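>
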Amino acid sequence: MTMPKNFDFAEAESRLYKWWEENGWFKPEAAAPDAESFTISIPPPNVTGSLHIGHALFVALEDLMTRYERMRGKAALWVPGTDHAGIATQLQVEKLLRDEGTSREEVGREEF
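Residue 0 is where the sequence shown starts when you use numbering that gives the first Met the number 0, and the numbers rise one by one after that.
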């Protein structure tokens, strides 16, 4: 078998995506009812820092591990975290307002 000089990413993605769909790998319910479970739960994103390549790396690794365990027959679930109360975001917005010389009380509830 000869390998092409350049790898065709678009062709590979299309082929592998089709294979995943045909085999039901995108469906968590594909696992048997008595299958062992595998869950990755991650904390909510941190609004106080800048995004960097490490964020993309860890999301890709978590996705890979979840899909791999699903392919092994486990009931796999990846649960991304959310900041349901928005407290971290609120603190950052209040800091920006302070830097502008105002406050959430001054701007009012609707604008805040």
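Even glycine gets a Cβ: it sits at the ideal position worked out from N, Cα and C. Bear in mind that the values here come from a model prediction, so they are computed numbers and not experimental data.
Based on the DSSP secondary-structure assignment, which residues constitute the bridge partners of Phe37?
Ala75
> What did DSSP end up calling Lys94 once you bin it into helix, strand or coil?
helix
> Count the CB pairs spanning the region 24–38 and the region 69–78 that are closer than 8 Å, and state whether there are at least three.
Touching, yes, given that three or more Cβ pairs across the two stretches are closer than 8 Å.
> What number of angstroms, rounded off, separates the C-alpha of Val78 from the C-alpha of Phe37?
Cα to Cα, the separation comes out at about 11 Å.
> Please state whether the Cβ-Cβ distance between Thr65 and Ile39 is less than 8 Å.
In this structure, Ile39 lies closer than 8 Å to Thr65 by Cβ.
> Between Ile41 and Glu61, which are expected to be in contact by the criterion C-beta below 8 Å, what is the C-beta distance as a whole number of angstroms?
That belief holds up - the Cβ atoms of Ile41 and Glu61 are roughly 7 Å apart, short of 8 Å.
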